[in-house]
Amino acid sequence: MTDKIIPVADIRYASRVPHIPARITAPTGLLGDTLGRPLRDLRISVTDRCNFRCSYCMPREVFDKDYAFLPQTSLLSFEEITRLARIFVAHGVQKIRLTGGEPLLRKHLEVLIEMLAKLQTPEGKPLDITLTTNASLLAKKAQSLKDAGLQRVTVSLDALDDTIFRRMNDVDFPVADVLNGIEVAQKVGLAPIKVNMVVKRGTNEGEILPMARHFRHSGAVLRFIEYMDVGATNRWRMDEVLPSAEVIERIHAEFPVAPIDANYTGETAERWKYLDGGGEVGVISSVTQAFCSDCNRARLSTEGKLFLCLFASQGQDLRALLRGNYADDQISAAIGHIWQARDDRYSELRAALPPDATPPDSSRKRVEMSYIGG
Ligand code: SAM
Ligand code: SF4
Ligand code: SF4
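Heads up, the sequence shown is in our numbering, so the first residue is 42 and it goes up one at a time.
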């Protein structure tokens, strides 16, 4: 292990074993945290590995051949993931997103999807199960994912220009293969597909309009994501963030758009529709317009640590409970207790600071996006 990766490894292994409350109460599906936010969305990272090296996420000077990815034995098994998911669903989770790393690198992922697809909410409704992928393996796997019960996919794509895209994924992966993955996924019915583009000023801002043109009338919903200061390795700088308001201005100048209502409370994207009927686009303004007040998301790392915020530096080790022979009702009570104590609102706190101020908790090393998933 080299010096430069020690901070990341430190974060990965820093965690608490959750407290099991003395009084075990059954889940009501109505949990609220200290700010009254319910628990609705669970993001599960199924691998910390990826075949891309996007510079804003897994810069190759850190995630190099010496990087210590998690060993197989520390990953949660599909049975362990499903057991936890069932408990989360009893607490109110309605939507599960599989992520990573690159989730399609996890072997036999279809088996996990099949297991999760059998879960139901306390009202007897099926879960909304989706997956975020770089689409490098999507054309090959779309049909089996659909057959296993996956409903939709979100594809990350940062440019249409092949040179820019190859540079951003930093493994020389061609854009044509991603576009083919999207097409196959649409054909097998993994729709409506969302396409996420992280916008970095000075890197791919010239791709905003070509991407908008390409995905209008395509049935896919393009969403522009502000480049976030997540993790500790991407050397984030505020001057590389292109505010969503500017993205919308640029699109509006060529294709007039108007705002439309959110699909549901807690939706991260702000939605806009093309006035000529070309469909919709979205913006996710994580930096310039914090949406912590509605944040109903929990994140489960590949090795079973629960994170309550993308900017957290410590997780709660649920795997220790799973492998420590605790009963479901004890694990459930521990999760309820953790959520009820949640007070995370990093982006709101940062947004309230003057632009040149030090971000909240900047002395603590934050967890990487590739480890807990986006
Ligand atoms: N590998 C899959 C993919 O790229 O879709 C799933 C995991 S990836 C960590 C999930 C999402 O996080 C992607 O859409 C990616 O663009 C986004 N992401 C990663 N680092 C980011 C950053 N610093 N700012 C904004 N979004 C980021
Ligand atoms: Fe891999 Fe996704 Fe991160 Fe890119 S954003 S390096 S595809 S995990
Ligand atoms: Fe949720 Fe944390 Fe992001 Fe706020 S900063 S929206 S609490 S993940």
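Note that the Cβ used here is the ideal one computed from N, Cα and C, for glycine as well.
Does residue i come out as helix, strand or coil in the three-state DSSP assignment?
i      : result
ARG391 : helix
ILE438 : Here the chain has residues from 42 to 415 only, and residue 438 is not among them.
VAL49  : Because VAL49 sits at a pLDDT of 47, beneath the cut-off of 50, its placement in the model cannot be relied upon, and the point is left open.
PRO144 : helix
LEU363 : helix
ILE137 : strand
PRO163 : coil
ASP370 : helix
ASP335 : helix
MET156 : helix
ASP44  : Reliability of the predicted coordinates at ASP44 is poor, the pLDDT of 36 falling under 50, and no value is obtained from them.
LEU150 : helix
SER115 : helix
ALA63  : coil
Identify the continuous beta strand (DSSP E) that holds residue i and give its terminal residues.
i      : result
PHE348 : 346 to 348
ALA131 : Run containing ALA131: none in the beta strand (DSSP E); it sits in the alpha helix (DSSP H), 119 to 131.
ILE85  : 82 to 86
Bridge partners of residue i, per DSSP?
i      : result
SER56  : GLY356
THR195 : THR173 and LYS235
LEU341 : ILE85 and LEU347
Would you say residue i reaches chain C, if we count a Cβ-Cβ gap shorter than 9 Å as a contact?
i     : result
SER86 : Considering every chain present, this structure includes no chain C. It has just one protein chain.
What are the boundary residues of the alpha helix (DSSP H) that residue i is part of?
i      : result
ASP188 : 179 to 189
ARG412 : Contrary to the premise, residue 412 reads as Tyr rather than Arg in this sequence. Run containing TYR412: 410 to 413, per the alpha helix (DSSP H) assignment.
Q.
Ignoring anything shorter than 3 residues, give me the beta strand (DSSP E) runs that lie fully in the stretch 273 to 330, in order along the chain.
A. If we require 3 residues or more, the beta strand (DSSP E) runs fully inside the stretch 273 to 330 come out as 298 to 301, 311 to 315 and 321 to 325.
Q) Curious, which full-length alpha helix (DSSP H) runs of at least 4 residues does the stretch 198 to 284 contain? A) Segments of the alpha helix (DSSP H) lying fully in the stretch 198 to 284: 203 to 210, 216 to 229 and 249 to 256.
Q: Could you please go through the chain and list the residues whose beta-carbon is closer than 7 Å to any non-hydrogen atom of ligand 3?
A: Listed by position along the chain, the residues with Cβ atoms less than 7 Å from a non-hydrogen atom of ligand 3 are SER327, ALA331, PHE332, CYS333, CYS336, ARG338, CYS350, LEU351, PHE352, ASP385, ARG386, TYR387, SER388 and GLU389.
Q: Starting from the N-terminal end, write out each residue whose C-beta falls within a distance shorter than 5 Å of any non-hydrogen atom of ligand 2.
A: Having a Cβ closer than 5 Å to some heavy atom of ligand 2 are CYS91, PHE93, CYS95, CYS98, MET99, ASN175 and SER411.
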